[in-house]
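Peer 1:
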Amino acid sequence: MTRKSSVSWRKTDDVASRPWTGTVREYDLIKELIIGVVVVGLLVLGVSAIFGSPDEPSVSLKAWATSAPADFVGTAAKELAGTSDSAGYGPPYNSTAGATQNIGPVDLQSLSGVRLPIDTANDFVITPLSTLPSPPTALARWKAATAQQRSDWAAAYSDALAAAPDNDPAKVAAGDYGPVPALTGALLDMARQGSLDGVLPSGGNFYNMDYTRSLLFLGDGGYFPDLAASQHLSGDQWGVMNETGDTPGQSWLWLFSLLYQVEPFKSAPNADALVVVTMLVLTALLALLPFIPGLRSIPRLIPLHRLVWKDYYRNR
Amino acid sequence: MTAQATPGQGAPVDEADAHTLTGRARRWLLRKLPPDKLLPEDQPSYVMSWAYVFGMGAIASLLWIIISGIVLGLNGPQWYHVSSLGSFVNSTHLWSVELFFIFMVVHLWLKFWMAAWRGGRALTWITGVISFVVSIVAAFTGYLLQTNFDSQWIAFEAKDALNAVGVGAWFNVANLGQLFTWHVTLLPLAVGAVVVLHVLLVRVHGVAPPLEAAESDAQLLHSRPEPAEAAEPAEAAEPAEVPASAESSGTQPSGIEPRGAAQ
Ligand code: HEM
Numbered sequence: 003m004t005r006k007s008s009v010s011w012r013k014t015d016d017v018a019s020r021p022w023t024g025t026v027r028e029y030d031l032i033k034e035l036i037i038g039v040v041v042v043g044l045l046v047l048g049v050s051a052i053f054g055s056p057d058e059p060s061v062s063l064k065a066w067a068t069s070a071p072a073d074f075v076g077t078a079a080k081e082l083a084g085t086s087d088s089a090g091y092g093p094p095y096n097s098t099a100g101a102t103q104n105i106g107p108v109d110l111q112s113l114s115g116v117r118l119p120i121d122t123a124n125d126f127v128i129t130p131l132s133t134l135p136s137p138p139t140a141l142a143r144w145k146a147a148t149a150q151q152r153s154d155w156a157a158a159y160s161d162a163l164a165a166a167p168d169n170d171p172a173k174v175a176a177g178d179y180g181p182v183p184a185l186t187g188a189l190l191d192m193a194r195q196g197s198l199d200g201v202l203p204s205g206g207n208f209y210n211m212d213y214t215r216s217l218l219f220l221g222d223g224g225y226f227p228d229l230a231a232s233q234h235l236s237g238d239q240w241g242v243m244n245e246t247g248d249t250p251g252q253s254w255l256w257l258f259s260l261l262y263q264v265e266p267f268k269s270a271p272n273a274d275a276l277v278v279v280t281m282l283v284l285t286a287l288l289a290l291l292p293f294i295p296g297l298r299s300i301p302r303l304i305p306l307h308r309l310v311w312k313d314y315y316r317n318r
Numbered sequence: 074m075t076a077q078a079t080p081g082q083g084a085p086v087d088e089a090d091a092h093t094l095t096g097r098a099r100r101w102l103l104r105k106l107p108p109d110k111l112l113p114e115d116q117p118s119y120v121m122s123w124a125y126v127f128g129m130g131a132i133a134s135l136l137w138i139i140i141s142g143i144v145l146g147l148n149g150p151q152w153y154h155v156s157s158l159g160s161f162v163n164s165t166h167l168w169s170v171e172l173f174f175i176f177m178v179v180h181l182w183l184k185f186w187m188a189a190w191r192g193g194r195a196l197t198w199i200t201g202v203i204s205f206v207v208s209i210v211a212a213f214t215g216y217l218l219q220t221n222f223d224s225q226w227i228a229f230e231a232k233d234a235l236n237a238v239g240v241g242a243w244f245n246v247a248n249l250g251q252l253f254t255w256h257v258t259l260l261p262l263a264v265g266a267v268v269v270l271h272v273l274l275v276r277v278h279g280v281a282p283p284l285e286a287a288e289s290d291a292q293l294l295h296s297r298p299e300p301a302e303a304a305e306p307a308e309a310a311e312p313a314e315v316p317a318s319a320e321s322s323g324t325q326p327s328g329i330e331p332r333g334a335a336q
């Protein structure tokens, strides 16, 4: 046979397109399935017994306030000042100008608009404090002030905290911070007592299934990301692909994680958008591979298939 | 049962008779996938390689994923944090997923090196890729449902990628209620449906023969039936219907019309 074996997807008249008319062998699909289920089941039980699975307890706002009070207070001040990551995130949480990741002129992030509105000062600090049985008096002063006055107070306090030794609220230089220190202090107490964990995500509702606020607040601080980094989970450590401990995580996300580690993605301000779009394109290429000349010929050029069908080729 | 003028239910029908939509659907189904093609008792001689077990391995792991997932789900999300049995069942869920992906990825690579999309099997390949993608999303929502530190952090990290392309507003990784719907109902149903379609397509087309299989192979010559269309007793070495021009120009004949007659 001199004819090049075809790698085309088309249904033509070659051997690959016709029902097989050559020799056959007995093959019991159901038996294969049963054996497969038993073998895989034993494998699963064995591996589970040996390796188990990690279950690092979740971080609570209480743990954060107890272990890293200065970080907590500093973050709360930023939420009030509107200078935290969440406050300037843009859609879908709020509408900060210029915060979105664009690809050229395309701004997918803005398509949804502000669908999950988050006002960090009110949602993370003011409203939770208002649910207390006896809300701090500073709350009334904050509410009575103008927007400008509020952000001036909060920004001044936030800066002063950053400059204080160990960022310790007790060592902050004197200044005009208005009610802000009292508010952040009250929030710290609330968190330490554990009541903020219930109030923050739900605004005091009995039921809750939505942790968007708590997660954004946690992530605005330094405590939570530091814990993640100590578990080799941060973005520059291949992030979402890993699991706590030594258990394999979502290793199938390797390419997705890899892109974040290399240029031009690594230092791009719109890295997320670029990586996601690149992955979508690559996935489409994989799906359409049978139609792509060149790529689909690789199996013919590198004939690993001779190993798979060794027996067949030997008996030609 | 006495003989009837018209065949009763369950009696064999002449398929040419089908005149309702239902009848035509049945005729189409039976023609595409007659029972002995759906559940054959033999396979071509070349289906004798370790390479063919990985698809079945993926199905087997998928079954264990579903079983362990049902046990986890019915006990509620707190169970596995506090009970050692719960923790073990959680481990089996995790490890059947890891095995599932190992089987699936090896399967994917093998099907690539076997160029298993040949001869009208492109849709089999495409449904395979779709099942891979949907499985990844399903696993991702599972990692988000762990309700532990890992899921907190994954949600915090992953929101940026989803928000950057405008999806995060609807697919909110921090909304546990949404995630339950995705992970426990929609995505498993989607994976299941795509896998069923994928496997049915494999049965419809039959397993792709070796890349270098040729008409002259002993295993084909051996039991070659009479050609269906009594054509000239062609040299078995050459496919009878390939136009000479297509041969010399090296292109494939674009015969994509159904070849019902030759089946
Ligand atoms: C949920 C995951 C999957 C399951 C359960 C599955 C299952 C199967 C099974 C049981 C077979 C027949 C036996 C065999 O050749 O192994 C098969 C064949 C096939 N699979 Fe998959 N598969 C999956 C994913 C994929 C993926 C990701 C691809 C490639 C992108 C793929 C491409 C194919 C192709 C092209 C065939 C036809 C093989 C032939 O005709 O020789 N499958 N699959």
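Protein chains in written order, with our numbering: chain A, 3 to 318; chain B, 74 to 336.
The beta carbon of each residue, even a glycine, is placed where N, CA and C say it ideally should be.
These figures come from a predicted structure and were not determined experimentally.
Return the CA-CA distance between Val279 (chain A) and Ser132 (chain A), expressed in angstroms with no decimal places.
Peer 2: C-alpha separation (whole angstroms): 43 Å.
Peer 1: Can you tell me whether Phe127 (chain B) sits near ligand 1, meaning its C-beta is under 7 Å from at least one heavy atom of the ligand?
Peer 2: Because some heavy atom of ligand 1 lies under 7 Å away, the Cβ of Phe127 (chain B) counts as near it: yes.
Peer 1: Can you find a heavy atom of ligand 1 that lies under 7 Å from the Cβ of Arg194 (chain B)?
Peer 2: At least one heavy atom of ligand 1 is nearer than 7 Å to the Cβ of Arg194 (chain B), so yes.
Peer 1: Interface residues of chain A around Ile199 (chain B) at Cβ under 7 Å?
Peer 2: Going along chain A in sequence order, the residues near Ile199 (chain B) (Cβ under 7 Å) are Ala289.
Peer 1: Within a Cβ cutoff of 6 Å, which residues of the same chain sit near Gly224 (chain A), ignoring the five residues on either side of it in sequence?
Peer 2: Closer than 6 Å at the Cβ level, and outside the excluded window around Gly224 (chain A), lie Asp73.
Peer 1: Give a yes or no on whether 8 Å exceeds the smallest Cβ distance from Ile143 (chain B) to chain A.
Peer 2: Ile143 (chain B) does not count as touching chain A.
Peer 1: Among the residues of its own chain, which have a CB less than 7 Å from the CB of Arg194 (chain B), if the five just before and after it don't count?
Peer 2: If we look at Arg194 (chain B) and ignore the five residues flanking it on each side, its Cβ neighbours are His278, Ala281.
Peer 1: Based on Cα-Cα distance, which residue from B:Leu284, B:Ile138, B:Asn148 lies nearest to Trp190 (chain B)?
Peer 2: Selected option, being the one with the closest Cα: B:Leu284.
Peer 1: Taking buried to mean at least 16 other C-beta atoms within 10 Å of its own C-beta, is Arg215 (chain A) buried or exposed?
Peer 2: So Arg215 (chain A) ends up on the buried side.
Peer 1: With a threshold of 16 other CB atoms inside 10 Å of the CB of Thr95 (chain B), please say whether the residue is buried or exposed.
Peer 2: Answer is exposed; the Cβ neighbour count stays below 16.
Peer 1: Between the C-alpha atoms of Asn317 (chain A) and Leu293 (chain B), what's the straight-line distance to the nearest angstrom?
Peer 2: Roughly 11 Å separates the two Cα atoms.
Peer 1: With distances taken Cα to Cα, identify the nearest neighbour of Asn272 (chain A) among B:Pro261, B:Gln251, B:Arg276, B:Asp233.
Peer 2: Comparing Cα-Cα distances from Asn272 (chain A) to each of B:Pro261, B:Gln251, B:Arg276, B:Asp233, the minimum goes to B:Asp233.
Peer 1: Could you check whether Trp255 (chain B) and Thr214 (chain B) sit closer than 8 Å to each other, using their CB atoms as the reference points?
Peer 2: Yes. Within cutoff.
Peer 1: Give, in chain order, every residue of the segment 193-211 of chain A whose Cβ lies closer than 7 Å to some Cβ of chain B.
Peer 2: Cβ contacts with chain B: Met211.
Peer 1: For Gly43 (chain A), tell me which candidate among B:Ser141, B:Val210, B:Phe244, B:Tyr125 has the shortest Cα-Cα distance.
Peer 2: Nearest C-alpha to Gly43 (chain A): B:Ser141.
Peer 1: Can you tell me the Cα-Cα spacing of Gly206 (chain A) and Pro167 (chain A), whole angstroms?
Peer 2: Straight-line Cα distance between these residues: approximately 35 Å.
Peer 1: Please state whether the Cβ-Cβ distance between Val26 (chain A) and Pro117 (chain B) is less than 8 Å.
Peer 2: Cβ atoms of Val26 (chain A) and Pro117 (chain B): closer than 8 Å.
Peer 1: Got a sec: is the Cβ-Cβ distance from Tyr315 (chain A) to anything in chain B below 8 Å?
Peer 2: Chain B, which has a Cβ nearer than 8 Å to the Cβ of Tyr315 (chain A), makes this yes.
Peer 1: For Val9 (chain A) and Ala188 (chain B), I'd like the C-alpha separation in whole angstroms.
Peer 2: Their backbone Cα atoms lie some 6 Å apart in a straight line.
Peer 1: Using a cut-off of 8 Å between C-beta atoms, extract the partners of Leu35 (chain A) located in chain B.
Peer 2: Simply Met129, Ile132, Ala133.
Peer 1: Checking the sheet assignment: what are the DSSP bridge partners for Gln116 (chain B)?
Peer 2: Gln116 (chain B) pairs with A:Arg27.
Peer 1: Determine the contact status of Thr247 (chain A) and Pro56 (chain A), defining contact as a CB-CB distance below 8 Å.
Peer 2: According to the sequence displayed, residue 247 (chain A) carries Gly and not Thr. Yes, they are a contact pair.
Peer 1: Listing by chain order, which chain B residues have their CB less than 8 Å from the CB of Tyr29 (chain A)?
Peer 2: Going along chain B in sequence order, the residues near Tyr29 (chain A) (Cβ under 8 Å) are Pro113, Glu114, Asp115, Gln116, Val120.
Peer 1: Mind checking which residues open and close the alpha helix (DSSP H) that includes Gln225 (chain B)?
Peer 2: Per DSSP, Gln225 (chain B) belongs to the alpha helix (DSSP H) from 222-237.
Peer 1: Excluding the 5 residues flanking Met281 (chain A) on each side, which residues of the same chain have their C-beta closer than 8 Å to its C-beta?
Peer 2: So the list reads Leu257, Phe258, Leu261, once near-sequence residues are dropped.
Peer 1: Under 8 Å, CB to CB, which of the residues in the segment 121-150 of chain A have a partner in chain B?
Peer 2: Hits within the stretch: zero.
Peer 1: Whose Cβ in chain A lies nearer than 7 Å to the Cβ of His271 (chain B)?
Peer 2: Ordered by position in chain A, no residue passes the 7 Å Cβ test against His271 (chain B), which lies about 13 Å from the chain.
Peer 1: My output table needs one value for Leu304 (chain A): the three-state DSSP class, helix, strand or coil.
Peer 2: A quick correction: the sequence has Ile, not Leu, at residue 304 (chain A). If DSSP states are grouped into helix, strand and coil, Ile304 (chain A) belongs with coil.
Peer 1: Return the first residue and the last residue of the alpha helix (DSSP H) that Lys268 (chain A) is part of.
Peer 2: Unbroken run through Lys268 (chain A): none, as it is neither H nor E.
Peer 1: Between Ile227 (chain B) and Tyr216 (chain B), what straight-line distance do the alpha-carbon atoms span, to the nearest angstrom?
Peer 2: Using only the alpha carbons, I get a separation of about 8 Å.
Peer 1: Taking just the CA atoms, how far does Tyr209 (chain A) sit from Ser60 (chain A)?
Peer 2: Cα-Cα distance, rounded: 19 Å.
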